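Following: one structure in structure tokens, then a few remarks.
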Amino acid sequence: MTNEYHLPGIRVAERRIAVPLDWSGGTAAAGTIELLVRELVDPDRARDDLPLLAFLQGGPGGANPRPLRRDGWIDEALRDYRVVLVDQRGTGGSTPLEAVDVAGLDAAAGADLLALHRADSIVRDLEHVRETLYGGRRWATLGQSYGGFLTLTYLSTAPEALTACYVCGGIPGTPPRAAEVYARTFDRAAAKTAELYRRFPEDAEAIARIADRLAEGDVTLPDGDVLTVRRFQSLGIDLGMKPGHERLHWLVEKAFARPGRLSEAFLADVQSLSSSAGNPLFWTLQESIYGDPSSGPTAWAAQAERDRRPEFDEDRRPLLFTGEMAFPWMFDEVRLLRGFRDAVHALAGRDAWTPLYDLDRLAANDVPLAAAVYFDDMYVDAGLQLDTMSRIGNAQSWVTNEFEHDGIGSGRTFTRLRELVRDRGGEKR
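If you use the working numbering, the sequence shown corresponds to residues 24 to 452, in order.
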């Protein structure tokens with residue numbers, strides 16, 4: 024059954040499709056899950072034979088955007104494409120994977136379930152959607168952040184499905200090495216924190232006061248979680264987005280209702296920003312995206328790197344914020360993540376990973392690939408991206424410091440990537 028409706032400038036059609044939870048068939052009792060497939064098209068072109076563009080959302084564990092109007096990259100795409108948004112397994116309108124689904128399993132079974140939500144399964148899902156709902160028509164892809172990781176898995180496994188691939192801030196290092204990622208991104212987090220203090224000098228003292236108060240150990244969030252200094256530091260993940268410094272500055276401004284008493288508004292906002300309520304798989308699967316047969320266990324690589332960097336200690340001033348880094352304490356301190364704790368520890372110790380990338384196939388790639396590499400990217404290191412791109416066939420990089428990691432929102436990034444592909448002969452047909 025198709026559910027159809029209109030948004031300003033967009034005609035929307037929604038369908039649901041069943042896919043195996045375990046594409047390998049290795050889990051006999053796994054059964055099926057549902058995927059939500061949302062199609063967007065210009066209302067005036069709804070009957071036209073338009074090329075397809077599948078959007079690959081960032082994450083891991085990210086649901087597709089829910090557009091309110093026609094703007095940004097969606098506006099650009101709807102001029103020429105029929106846009107397909109498939110909520111990745113475990114997210115959004117697809118069958119969700121939540122802590123309650125994992126908490127009742129033993130650690131090994133929970134880790135197995137989480138591993139079924141990696142890129143290889145997601146690409147199999149996309150292929151089933153393409154073949155079942157679109158008659159096997161080839162499509163282009165646009166990947167944001169983790170969507171670029173999915174892109175390379177797609178190019179490694181089913182390049183014949185693709186007419187072109189566009190990526191914004193999301194080319195992984197290959198072969199993936201979690202330790203190498205965090206060795207670079209901690210430096211980025213420190214630099215972004217320094218930028219915050221340069222732009223808002225008074226925030227260094229204000230943030231120190233907040234941290235000193237939290238260090239007393241008796242500040243609780245509205246849901247009852249104790250707000251620790253390290254959880255407060257994790258709010259630095261927003262510093263990699265264009266308005267992130269401003270948002271953190273305004274949050275700090277309202278921290279204290281009275282001397283020594285943190286305001287209810289501040290605590291409510293911190294809970295919203297750090298509870299993982301809308302996206303529990305983001306932290307749960309964070310290091311597993313680097314799992315590879317050649318690299319062994321990810322072994323809490325971000326925590327290991329942090330332990331080597333005393334400048335990130337909770338009692339150091341000025342306080343440094345962390346970024347896109349999952350830590351084991353999150354699964355003790357954050358209420359909505361606790362049900363994942365045993366499974367995610369088992370996942371961190373896993374060394375038997377399914378491969379996500381075929382480096383020989385990527386080297387021989389002939390599908391046009393254009394990637395925006397953000398020079399100051401806090402999450403996906405530009406150096407690693409460029410190294411990988413140099414070893415992929417028919418690939419072009421556009422390096423820019425005009426945007427942060429969320430540059431796709433401007434619409435201009437997708438336009439530029441399309442120009443790169445068009446100038447080299449265009450999409451395959």
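For every residue, glycine included, the Cβ atom is placed at its ideal position computed from N, Cα and C. All figures in this text were calculated on a predicted structure; none of them were measured in a lab.
- One thing to note: R373 has its Cβ within 9 Å of the Cβ of G314.
- Its chain contains A278, F279 as the residues whose beta carbon lies nearer than 8 Å to that of R232, once the 5 sequence neighbours on both sides are disregarded; these appear in chain order.
- Taking every protein chain shown into account, the CB of L262 has 16 or more other CB atoms within 10 angstroms, so this residue is buried.
- Following the DSSP letters along the chain, one finds Y177 inside the alpha helix (DSSP H) bounded by residues 169 to 180.
- Excluding sequence positions up to five before and after F363, its CB lies within less than 8 Å of the CB of A122, V125, A126, G133, L137, P303, T307, F354, all in the same chain and listed in chain order.
- When the beta-carbon positions are compared, S299 and F305 come within less than 9 Å of each other.
- Remark: C-beta atoms of P391 and T186 approach each other more closely than 9 Å.
- Here the region 223 to 231 does not lie against the region 194 to 213, with fewer than 3 beta-carbon pairs under 8 Å apart.
- By the neighbour-count criterion, in which a residue is buried when 16 or more other Cβ atoms sit within 10 angstroms of its Cβ, E427 is buried.
- In the same chain as K215, and ignoring 5 residues on each side of it, the C-beta atoms closer than 6 Å to its own belong to L262, M401, in chain order.
- Between the region 238 to 250 and the region 411 to 430 there are fewer than three inter-stretch CB-CB distances shorter than 8 Å, so the stretches are not counted as touching.
- Within the region 354 to 429, the complete alpha helix (DSSP H) runs of at least 4 residues fall at 364 to 371, 382 to 386, 405 to 412.
- Your pair L139 and L44 checks out as a contact, with CB atoms roughly 6 Å apart and the cut at 8 Å.
- In this structure, L79 sits near Q167, with a CB-CB distance shorter than 9 Å.
- A contact between stretches requires three or more CB pairs, one per stretch, nearer than 8 Å, and the region 309 to 325 fails this requirement with the region 86 to 103.
- Looking at the backbone, the Cα of G430 and that of L108 are separated by about 19 Å.
- In this structure, the beta-carbon distance from G170 to I260 does not fall below 9 Å.
- Listed in chain order, the alpha helix (DSSP H) elements of length 4 or more contained wholly in the region 173 to 224 are 201 to 222.
- In this structure, L58 keeps its C-beta atom at 9 Å or more from the C-beta atom of W162.
- With a cutoff of 9 Å on beta-carbon distance, A238 and F344 are scored as not near each other.
- At the C-beta level, G84 and G113 come within 9 Å of one another.
- If you compare the alpha carbons of Y205, V146, R207, C191 with that of E183, the shortest gap goes to V146.
- Less than 9 Å separates the beta-carbon of L407 from that of I194.
- The criterion of a C-beta distance shorter than 9 Å is satisfied by S311 and R141.
- Classified as exposed, N26 has fewer than 16 neighbouring CB atoms from the shown chains inside 10 Å of its CB.
- E328 is classed as buried because its beta carbon has at least 16 other beta carbons within 10 Å across all chains shown.
- Beyond the five residues adjoining it in sequence on each side, R384 comes within less than 6 Å, by CB distance, of S179 in the same chain, given in chain order.
- If you draw a straight line from the Cα of A405 to the Cα of G267, it is about 19 Å long.
- As DSSP reads the structure, G113 sits in a beta bridge with P119.
- In this structure, the CA atom of A393 is about 13 Å from the CA atom of K451.
- From the listed residues Q294, A69, D292, G49, the smallest Cα separation to G32 is found for A69.
- The alpha-carbon of L244 is positioned some 29 Å away from that of A130.
- Taking the C-beta atoms as reference points, T438 is found no nearer than 9 Å to V396.
- Nearest neighbour of L149 by Cα position, chosen from L120, A77, V190, D94, turns out to be A77.
- From the listed residues P119, L73, G82, the smallest Cα separation to A100 is found for L73.
- G54 is not a Cβ neighbour of G432, given a cutoff of 9 Å.
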